[in-house]
Structure formats: C-alpha cells, structure tokens
C-alpha cells in the first residue's frame, strides 16, 4: 500500500493568512493526488484533483502543486469558512489511501 | 448532478454482518464505479473498496476477507456487506463515486454504524 503522510497534523492560523499543507507519498504517484476538505459532521468535499486542477465551484484561493512524491495545498488568504480538516488521497493504485488529515483551526 | 444516500441499520452486534445500501439519483449506476469509505470518530478516512458496473471489485486487502460489494441496477443501488464485525468497525460509512480525474467527486452524507451488544 502507498502511505500518505501529511504535515502538519494541526495548524492554527488567522483570517487572511496564507497557509500551506504538505502531503508526501511513500512512492511516486505521478500527479494522481487529490485534496478534500471536511467539516464536522459532513462528507469530504473535493477541492483539487490531479495534484493541481481546481474542482469546479471551488474558490481560486485554493491551489495545489507537486508531482512524484511531494505535494502541497495552499490557501492564499484564509476565510472563516476554510477552517476545517484537509485530507490528501492518492488515486495511483489500489488500495486508495488517504493522509491522516490536517486540522486547520482559528488562531 | 449525481446524489448518493446511504441507508442501513445504525447498530450491529459483534460477530454479525453489517449491511449498507447506497441509493443513487441523478445518474445511472450503469456507468463508472462505486466506492465505500469509512471514518471512525476523530480518525482519518479509510477506503474499503469499489465495484464496477461489470460487477468486478477491488477491495482493501486489510478488509478483503470480510467485505462483499454488489450492484442492483434495477434499483440504482449498490451495497456493502462486512462480516464478523467488531467494535473496531464502528465508524461513519460513506458511499461515493468518481469525480474529476480519478478523484472521489460525489459523496453521500454518511451513516453511523455502531458495533455493540
């Protein structure tokens, strides 16, 4: 199985901050990397697919980059509704695997 | 826009079989593939497996011996069965399907299954 490791596990930030979350795969996954946002009691929501493609309807303050084993999700200017948990997921091989999550909290 | 809705018992006894159904609306189950994911309280997401419209399946090796997925095209539903459950199987169970790229773009709202006597 491909192991996905996110850092940090939690992050405190303020509205307007620029934040970056990192995801590392245990082997190369090309660009088969997706990012999801999950709010308490809700299903995950797709933000970024194929490492850097913005899902329709997702605000452009969200961006993704990377290839191979190292990936990042950046939020350029945090908004109140962005405080949530973020997960990366590889879609390169079976079984699909997720990172452990990064909880983004208000400072 | 495809929509998914999980249903099934919220309480299952240890050693028994968990059975969940996902009803698909706004799209045909005769296309693509259909997945199950679970999430214990306060923990990360775990991919359980997926079923193609042909009926072929991919399961997580960690659960493969206990999991069976099936399709009912007449009802536009797909199902999950997990046998010999323990407390470790207590989780919110989500059904989902493919979105942009090879992502999981559409999810059900999730259903909590508790394993307890």
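Protein chains in written order, with the working numbering: chain E, 1 to 107; chain P, 108 to 224.
Ideal placement from N, C-alpha and C gives every residue a C-beta, glycine not left out.
Only a predicted model underlies this, so the values are computations on that prediction, with no experimental measurement involved.
{"Check": "Neighbourhood of residue 13(E) by C-beta distance below 8 Å, restricted to the same chain and skipping five residues each side", "Outcome": "19, 78, 104, 105, 106, 107"}
{"Check": "Alpha-carbon to alpha-carbon, residue 130(P) and residue 110(P)", "Outcome": "8 Å"}
{"Check": "For residue 17(E), the three-state DSSP class (helix, strand or coil)", "Outcome": "coil"}
{"Check": "Neighbour flag for residue 10(E) against chain P, beta carbons, 8 Å", "Outcome": "no"}
{"Check": "8 Å Cβ cutoff, residue 116(P) in contact with chain E", "Outcome": "no"}
{"Check": "Sub-8 Å separation of residue 92(E) and residue 2(E) beta-carbons", "Outcome": "yes"}
{"Check": "Beta-carbon spacing of residue 172(P), residue 186(P) below 8 Å", "Outcome": "no"}
{"Check": "With 16 other Cβ atoms within 10 Å as the buried cut-off, status of residue 8(E)", "Outcome": "exposed"}
{"Check": "Contacting positions in the segment 207-222 of chain P - beta carbon closer than 8 Å to chain E", "Outcome": "207, 208, 209, 210, 211, 212, 214, 215, 216, 217"}
{"Check": "Through-space distance from residue 102(E) to residue 10(E), alpha-carbon basis", "Outcome": "5 Å"}
{"Check": "Rounded C-alpha distance that separates residue 126(P) from residue 44(E)", "Outcome": "22 Å"}
{"Check": "Buried or exposed by the 16-neighbour rule on C-beta atoms within 10 Å, applied to residue 118(P)", "Outcome": "exposed"}
{"Check": "Counted within 10 angstroms of its Cβ, other Cβ atoms place residue 83(P) as buried (16 or more) or exposed", "Outcome": "Given that chain P is displayed from residue 108 to residue 224, the structure contains no residue 83(P) and the question cannot be resolved."}
{"Check": "Residue-level contact to chain P via CB, residue 101(E), 8 Å cutoff", "Outcome": "yes"}
{"Check": "Neighbouring residues, chain E, relative to residue 147(P) (Cβ below 8 Å)", "Outcome": "Within 8 Å Cβ-Cβ: nothing; residue 147(P) doesn't reach chain E, min ~12 Å."}
{"Check": "Contact set for residue 134(P): own chain, Cβ-Cβ below 6 Å, skip 5 residues either direction", "Outcome": "109"}
{"Check": "Bounding residues of the beta strand (DSSP E) (the contiguous stretch that carries residue 131(P))", "Outcome": "125-132"}
{"Check": "Residue range of the unbroken beta strand (DSSP E) whose run includes residue 137(P)", "Outcome": "It is not in any beta strand (DSSP E) - residue 137(P) carries neither H nor E in the DSSP assignment."}
{"Check": "Residue 32(E) Cβ short of 7 Å to the ligand GTP heavy atom set", "Outcome": "Absence of the ligand GTP is noted for the structure shown, with no ligands found whatsoever."}
{"Check": "Min CB distance residue 65(E) to chain P below 8 Å", "Outcome": "no"}
{"Check": "Chain E residues whose Cβ lies nearer than 9 Å to that of residue 201(P)", "Outcome": "43, 44"}
{"Check": "Beta-carbon contacts of residue 191(P) that lie in its chain and below 7 Å, excluding the five residues immediately before and after", "Outcome": "122, 173"}
{"Check": "Bridge-paired residues (DSSP) for residue 184(P)", "Outcome": "130(P), 179(P)"}
{"Check": "Residues bridged to residue 145(P) (per DSSP)", "Outcome": "153(P), 200(P)"}
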